[in-house]
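Peer 1: Just so we're aligned: 259 in our numbering is position 259 of the sequence shown, and the numbers increase by one with no gaps anywhere. Using N, Cα and C, we set each Cβ at its ideal position, and we do this for glycine too. Okay, handing you the structure first.
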Amino acid sequence: MNLFDKIKVFLEMIKFSHTIFALPFAFTGALLAARGLPTAYQTLWILMAMVGARTAAMSLNRLIDAEIDGQNPRTRGRALPAGLLSKGMVAVFIVLSLTLMLFAARMLNPLCLYLSPVALFFLVLYSYCKRFTALAHVVLGLCLAAAPLGAWIAIAGTIELPAVLLALAVLLWVAGFDILYALKDLEFDRTRGLHSIPVRLGVSGSLWTARIFHLLMIALLTGLFFLLHLGPYFLVGLTITVILTAYEHWLLRDGDLTRLDAAFFNMNGYISVTVLVFTLLDILFHRGGA
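This is the structure:
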């Protein structure tokens with residue numbers, strides 16, 4: 001396998017295409033913090049920080065969970081268990097990704113750099129959580145909540161209440177859909193003594209927990225709308241988000257998990273992009289015309 005093929009396998013291993021979940025919320029945070037469009041410089045380094053952080057996080061998770069993945073029928077075909085990549089090569093990618101994240105944070109502002117170790121701590125913690133707590137989904141939510149919070153800090157240089165509301169909304173959104181995704185491994189996790197909300201609460205309890213988390217997410221986004229005096233474009237995006245979220249849970253009604261992939265991948269990708277697009281429209285037109 002040549003270098004190009006290995007990079008292709010690596011990108012598949014870290015699910016690079018799933019960056020669509022967190023990246024739009026990062027830029028949403030940047031838009032709201034700037035009360036307009038961030039500069040090209042800020043946009044570039046926010047993007048680099050996101051790429052570095054997410055690549056490091058996914059690589060760490062795959063490296064730490066390699067043995068467990070090898071035992072799980074759903075994941076044993078991943079690059080490390082299948083022997084397509086070596087642990088040493090993945091470790092190199094982790095170092096490079098962390099270097100990119102730290103350098104990008106330094107290029108943004110001192111507070112971003114000082115808080116980078118906190119983000120790194122939760123990135124590492126998440127990969128071990130399933131071994132001792134059912135709250136792994138919440139820790140994953142914390143990791144992705146760093147995207148809008150970090151982007152806000154990158155623009156404003158401070159942590160403000162709107163940034164916290166947006167970060168909490170992302171935390172609950174991610175924790176909710178990760179609970180749904182964890183239903184795929186319910187039986188495997190039970191037999192291996194691993195921890196998750198599905199293992200603790202079963203299918204019905206997990207579905208209700210995810211619904212509550214997503215209702216709270218909508219409430220927080222609504223609070224953000226009023227706190228920042230956002231306009232009709234954001235409100236339209238929020239309405240679409242409510243519809244998409246409701247449809248996601250409707251797909252899984254009565255515990256029907258056959259539509260889990262559509263609910264997880266499609267709906268959540270649409271939700272993050274919807275929030276970004278309508279925030280951008282609000283910034284460009286509502287505020288521009290105010």
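Mind checking which residues open and close the alpha helix (DSSP H) that includes Glu67?
Peer 2: Ala66 to Gln71
Peer 1: Pull up the CB-CB distance for Ala33 and Trp173, whole angstroms please, since I reckon it's below 8 Å.
Peer 2: By a beta-carbon distance limit of 8 Å, Ala33 does not contact Trp173. Their separation comes to about 19 Å.
Peer 1: Less than 6 Å between C-beta atoms, sequence neighbours within five positions excluded: which residues of the same chain meet that for Ala175?
Peer 2: His137, Val138, Gly141 and Phe213
Peer 1: Quick check: the Cα distance between Thr99 and Ala57, rounded to an integer number of angstroms?
Peer 2: 13 Å
Peer 1: Let me know the secondary structure DSSP gives Glu187 once reduced to three states.
Peer 2: helix
Peer 1: Are the beta-carbon atoms of Thr28 and Leu276 separated by less than 8 Å?
Peer 2: yes
Peer 1: Give the single residue among Leu125, Leu227, Asp254 and Gly223 whose Cα lies nearest to the Cα of Asp65.
Peer 2: Leu125
Peer 1: Quick check on the DSSP output: the alpha helix (DSSP H) that includes Glu248 runs from which residue to which?
Peer 2: Pro232 to Leu251
Peer 1: If we call anything under 8 Å between Cβ atoms a contact, is Leu165 one with Leu220?
Peer 2: Their beta carbons are under 8 Å apart, which means Leu165 touches Leu220 by this criterion.
Peer 1: Can you tell which of Leu257, Val273, Gly231 and Gly52 has its C-alpha closest to the C-alpha of Thr241?
Peer 2: Val273
Peer 1: In angstroms, rounded to a whole number, what distance separates the CA positions of Val90 and His229?
Peer 2: Going from the Cα of Val90 to the Cα of His229 covers about 45 Å.
Peer 1: What residue range is occupied by the uninterrupted alpha helix (DSSP H) comprising Asn268?
Peer 2: Asn268 to Leu281
Peer 1: Please report how far the alpha carbon of Gly289 lies from the alpha carbon of Ser97, in whole angstroms.
Peer 2: In this prediction, Gly289 has a pLDDT of 43, which is less than 50 and means its spatial position is unreliable; nothing more can be read from the coordinates.
Peer 1: Which of helix, strand or coil does DSSP assign to His195?
Peer 2: coil
Peer 1: If you compare alpha carbons, which of Asn61, Leu113 and Arg78 is closest to Ile94?
Peer 2: Asn61
Peer 1: Would Thr222 and Leu31 qualify as a contact pair, given that the criterion is a beta-carbon distance under 8 Å?
Peer 2: no
Peer 1: Which same chain residues, not among the five before or five after Gly237, have their C-beta less than 8 Å away from its C-beta?
Peer 2: Thr274, Val275, Val277, Phe278, Thr279, Leu281 and Asp282
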